[in-house]
Amino acid sequence: MTVPLRGISARDALVAEIRRHILSGELKPGEPLTEVGVARPTVRSALQELLARHLAERTAGRSLRVPVLTAGDVRDLFFVRTPLEPAAVRRIVEDQRPVTAAEAGLAAMEAVAPGASWGDRVDAHSKFHIALVGCAGSPRRDRIYPGAGDLAAEHRVPPAAVRSEDGERV
């Protein structure tokens, strides 16, 4: 039996590794992104992706660093996110769309070990939200939205609301 392998480009591997270092706290806010030991074109492409994902920012000297999130940045993130998720859940309920991906995301979030790194928790949390919004089946919304406490318990409400056809509970 032949098993097809899905390769990953050096660029994608580099983006994933730098993202992991940022989310785990190994790279601190404000810290410059420096030598990584791969070919210059690969680094340029990976850094462009990190800029697009807002995981890096340019300094006045044109170098890149890990962004420093302010309270205003966090408020703005929730300002953007708040109307999207309830609207997605309403559409899922109204169209009776499957929520398998959101339930899988929730299960993955629940499976994160209690001692897991902050980066692992953030990754599972983000994937759940992306999956939930993705269940609405809106390619445009998916382009906009690629991406404390007991997070798994907090996130049990949306799939339950969808199953009970109560999109307003979210």
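Just add 80 to the spot in the sequence shown (first one is 1) and you have this note's numbering. All C-beta atoms in this analysis are idealised placements derived from N, C-alpha and C, irrespective of residue type, glycine included.
Just so you know, the alpha carbons of Ala211 and Glu190 end up roughly 15 Å apart. If you draw a straight line from the Cα of Gly87 to the Cα of Val123, it is about 18 Å long. The beta carbons of Leu164 and Val213 sit about 6 Å from each other, so the pair counts as a contact at 8 Å. Shown here, Leu144 sits in a strand according to DSSP, grouped into three states. The region 83 to 124 contains no complete beta strand (DSSP E) run of 3 or more residues. Beta-bridge pairing by DSSP links Glu137 to Arg145. If you ignore the 5 residues before and after Pro109, its C-beta comes within less than 8 Å of the C-beta of Val146, Pro147, Val148, Leu149, all in its own chain and listed in chain order.
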